[in-house]
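Just below is one structure, and these are the notes that go with it.
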Amino acid sequence: MRFRDISISWKLTLLAVVTTLLSMVAVISTVTMIDRQLSQMAMVESYVTLADLLGQNCLNSLEAKDLGTATQTLSSIRKDHQVVFASLYDQDQNACATIQSQVTAVPGLNWAQSMNGTFEEGVLHIVRPIRRDKSVYGHLYLRISTEKLESRWRDQFIVAAYMFCLSLLVAVALATRLQRFISGPVLHLVDTVRSITQSGDYSVRAEKNSGDELGELVDRFNEMLATIEARDAELDRHQQNLEHLVEARTLELQQKTQEATAASVAKSVFLANMSHEIRTPMNAIIGFAHMLREGNVDSDEERVEFLNTICSSGQHLMGLINDILDLSKIEAGCMTTESIPVSPHQLIADVISISRVNALTKGLGLDYQWVGPVPKRITTDPAKLRQLLINLIGNAIKFTERGGVHVIARLAVNQRSLQIQVIDSGIGIASDKLETIFTPFSQADASMTRRFGGTGLGLSISRQMAEVLGGSLTVESEPGIGSTFTVVVATGSVGQLELHASAPVADVIPTANPDGIDPIESVPRGCRVLLVEDGDTNRRLIHKMLEHHGIEVTDAVNGQVGVDLATSREFDVILMDMQMPVKDGYTAATELRAKGLTIPIVALTAHAMSGDAEKCRKAGCSEYLTKPIQEARLLTKLSELLNGRTMDRGTSPIERVRFNTDRKSVTENVVAIDEIASDVTLDQPRPKVRVSCALPLDDEIFLEIVQEFSVKLTRQVERMKLAYAAEEWNELVELAHWLKGSGGTAGYEQFTIPSSRLERMANQRCYDRIGAVLDEIDELAKAVAEELEPLAATST
């Protein structure tokens, strides 16, 4: 049987006995060794003294060479029976007198000196010189038996053995008795646990017999039994409401199932709509392109019409892709914002100017006005606010067939928010469909898709953008009368806003080209461009675009050919595709910069996600254009580069947003806005966060669950902050993942988006951007605690 399997009483007994035996063995061994050494030292000292005294008595005889007297003097040593041999040596080392007991041969003096002071085979060897002043007249050698000393040691060993046995018996007796004081309470506690396990009666209590740690253990065990007994009683009370609770959960599950089924149907409808939305412009593009290629054109006007249709269909597809990308970025928590001063009147007027063409095409009116004071500047994200208003006004125009669209802007009394209303006289929305229109992939009616087109993404994106901007988006509508969409965004102002003395006039609306320069006409004719592109179709298309405007174009089919041409000939600009065989654009650009080439390199790539622009610039590219390449954007970029107005790597991303927004370059804005998020610090306070639990907190069980979540949430938020400060990324990912799942389970879906964003940023080690997300989560946690505080007082 193994030691760990025997009873605790035997373990304690064995522990005490073994400890005692080991101590006794150590003490007896130590004492014996010390006594043996001391005895030997005492014997050596005693016989050294005897040898010195006897040698001095023989000194005169040695000087007179009187061997008889010397032998007679040496014979006095016979009285000591332990001396078994004695020999007197003269100056010539000859033995002149000896006394033999058991030795048959007289040893030489040299051998005797080598054995001086040693114990060997039961005898002690002593050799002492016989001196007068500094002269040596001879030596005396004694050989002493150690039998008496060894007999004494044997007697001591027998006594030690008796003491050892006696100690063993005493140790066993004491250990057997004392272990009961420890094992007794433990065994009693074990018996109590066994009894409770078999009977299930938690009213039983263990008996306390001492005030030490075992007594405290019994107290804690009894407290645990009391807690379990109380929990059992509480479970018995709740069991009475179990059927009602199960019924409620069943109904909730059925509702969720219906919602999931509805969502599945909505996505199926969305896929059908998407198929229609994509196939319609693709049919037009492929069909008209085929007719142009086959020459099935009756006139130049018809050719222009076909080309316009192809261009508009392509732009429609790009808009559709951008909507899907925006939605995916929002749902993934990747949508970031900037915070810069902007004129709200100028921004709204810009959107009105852009949208007025569509309104006039349908014969609709489009105007806007301010009610009350007009702020000169608010602090917000102009790109997102502009996109939000374009979506709302464009939506209003699309669903309005007569009348018009009216935009009203006003500043809140506390100057902390800006309210913009988009009022139309369109078809309106039924009251039961007012929230459905904000669900992704949904419209108020499936027939709307067939009648007006669209994917059902615009309003969902708009509402989430409004929330990102610190506000909200709501709607009021009446079928056949029209709709009013109200968007509220935070002004970001800490103090009083600076207001216009009077309402500004409409001449502040910016033009699409504020410099008054036509980029197509300003491109220097005859400039030399190296086009590095492996795709034959794209290369021919871009080549034809540039050649049409008098630009000299040299083609390269991969990065290696591009590097060879760029280092052997002179060019003004290099257009570099980034994904190519043999040598890609990143490697080629890096190599050209390493060779000292300083001319602009423009990256051409189909990648339009966050970080792609920075990757191109790190490789050495001066600028960045996304595919498909539009002629106007390409020529504008060349105009800037060749006329000294290049926006190089040091240019502010905010300026790139403004530049791209003026030219409606949505994909480049995605990149630039993401760059801004890494550099901007939001100094303005957020609006006060309010939360509302989706669970019925009037039920004690749900209230207890949510309260436990709130307590744990406070601890977890502190752990998140510590992990962030220590850059413990794996722990921060785990904590964010916990919050993403637990928040929704506890009824607080407000945690889903920031926790998802925190998890992604922690995985990507985005140290500079995590702090703001942690602040947002901390505010939500405090709001949860504030919501539960009065409920906790009531339940108490």
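Each residue of the sequence shown is one higher than the one before, starting from 51 at the first, in our numbering.
Glycine included, each C-beta is placed from N, C-alpha and C at the ideal position.
Comparing C-alpha positions only, which one of Tyr139, Lys258 and Thr168 sits nearest to Val94? Ranking the options by Cα distance to Val94, first place goes to Thr168.
As assigned by DSSP and simplified to three states, the class of Gln38: Coverage of the chain is limited to positions 51 through 846, which leaves residue 38 absent and any answer about it impossible.
Mind checking Lys687: buried by the 16 CB within 10 Å criterion, or exposed? So Lys687 counts as buried.
Within the continuous alpha helix (DSSP H) that includes Pro432, where are the two ends? That run of the alpha helix (DSSP H) goes Pro432 to Lys448.
I need the straight-line Cα distance from Glu826 to Ala833, nearest angstrom please. Distance between the alpha carbons of Glu826 and Ala833 is about 11 Å.
So does the region 272 to 286 actually touch the region 297 to 306, counting three or more Cβ pairs closer than 8 Å? Because the criterion of three Cβ pairs below 8 Å is not met, the region 272 to 286 and the region 297 to 306 do not touch.
Is DSSP giving Ser260 helix, strand or coil here? For Ser260, the secondary structure class from DSSP, reduced to helix, strand or coil, is coil.
Taking Gly821 as the reference, give the member of Glu836, Ala835 and Ala773 with the closest Cα. Nearest of Glu836, Ala835 and Ala773 to Gly821, Cα basis: Ala773.
Can you give me the start and stop residues for the beta strand (DSSP E) that Met626 sits inside? Taken as a continuous stretch (DSSP letters only), the beta strand (DSSP E) holding Met626 covers Val623 to Asp627.
Cβ pair Arg578, Asp605 closer than 7 Å: Going by beta carbons, Arg578 and Asp605 fall outside the 7 Å limit.
Tell whether a beta-carbon distance below 7 Å holds between Tyr187 and Ala162. Their beta carbons are not under 7 Å apart, which means Tyr187 does not touch Ala162 by this criterion.
What's the gap between the Cα of Arg590 and the Cα of Gln680? Taking the straight line joining both Cα atoms gives about 14 Å.
Could you tell me the alpha carbon to alpha carbon distance between His599 and Ser672, rounded to whole angstroms? Note on geometry: alpha-carbon atoms of His599 and Ser672 lie some 22 Å from one another.
Note down the Cα distance separating Phe502 from Arg436, rounded to an integer number of angstroms. Below a pLDDT of 50, predicted positions are generally treated as unreliable, and Phe502, at 48, falls in that range; the measurement from the model is reported next regardless. If I take the Cα positions, the gap works out to 23 Å.
Quick check: the region 234 to 250 against the region 86 to 100, are there 3 or more CB pairs under 8 Å? No contact exists between the region 234 to 250 and the region 86 to 100.
Using 7 Å as the threshold, is the C-beta distance between Gly422 and Leu397 below it? Contact: no.
Cβ neighbour criterion (16 or more within 10 Å) applied to Ala744: The residue in question, Ala744, is exposed, as its Cβ has fewer than 16 Cβ neighbours within 10 Å.
Would DSSP call Val347 helix, strand or coil? Residue state, collapsed to three classes: coil.
Taking only the alpha-carbon atoms, compute the straight-line gap between Asn144 and Leu112 and give it to the nearest angstrom. When rounded, the separation of the alpha-carbon atoms in Asn144 and Leu112 is 12 Å.
Would the beta-carbon of Trp779 fall within 7 Å of that of Ala812? Yes, the pair counts as a contact, with Cβ atoms nearer than the cut-off.
If I follow the unbroken alpha helix (DSSP H) through Cys146, where does it start and stop? Taken as a continuous stretch (DSSP letters only), Cys146 belongs to no alpha helix (DSSP H), being part of the beta strand (DSSP E) at Ala145 to Gln150.
Residues bridged to Val603 (per DSSP): According to DSSP, Val603 bridges with Val579.
Tell me the residue span of the alpha helix (DSSP H) that contains Phe752. Counted as a single uninterrupted DSSP element, the alpha helix (DSSP H) harbouring Phe752 occupies residues Glu750 to Ala775.
In whole angstroms, what separates the C-alpha of Leu103 from that of Ala210? Distance between the alpha carbons of Leu103 and Ala210 is about 38 Å.
Is it a yes or a no for the region 399 to 407 touching the region 525 to 539, going by three-plus beta-carbon pairs under 8 Å? With a cut-off of 8 Å on Cβ pairs, the region 399 to 407 is not in contact with the region 525 to 539, counting fewer than three such pairs.
Leaving out five residues before and five after Ala639 in sequence, what residues of the same chain have Cβ atoms less than 7 Å from its Cβ? Around Ala639: Met626, Ile651, Ala669, Gly670 and Cys671.
My understanding is that Ala796 touches Phe759, with C-beta atoms under 8 Å, so please give their C-beta distance in whole angstroms. Confirmed, about 4 Å.
Among Ser137, Phe535 and Ile624, which has the Cα closest to the Cα of Leu438? Minimum Cα distance to Leu438 is reached at Phe535.
Anticipated Cβ contact below 8 Å, Thr541 with Ser467, distance rounded: Correct: roughly 6 Å between the Cβ atoms.
Just how far apart, CA to CA, sit Val525 and Leu484? Rounded to the nearest angstrom, the gap between the Cα atoms of Val525 and Leu484 is 7 Å.
DSSP-derived helix/strand/coil call for Leu519: It is coil, neither helix nor strand.
Select from Gln757, Thr676, Phe338 and Ala644 the residue whose C-alpha is nearest the C-alpha of Met628. Of Gln757, Thr676, Phe338 and Ala644, the smallest CA-CA separation from Met628 is found for Thr676.
Give me the residue from Glu266, Tyr252 and Asp251 with the minimum Cα distance to Lys258. Of the listed residues, the one whose Cα sits closest to Lys258 is Glu266.
Of the listed residues Ile127, His131 and Cys108, nearest to Ala120 (C-alpha basis): Per the Cα distances, Cys108.
Going along the chain, which unbroken runs of the alpha helix (DSSP H) with 4 or more residues stay wholly within the region 262 to 299? Listed in chain order, the complete alpha helix (DSSP H) runs (minimum 4 residues) inside the region 262 to 299 are 263 to 289.
Nearest residue (CA-CA) to Val741, options Phe801, Asp749, Lys790 and Glu690: For Val741, the nearest C-alpha among the options comes from Phe801.
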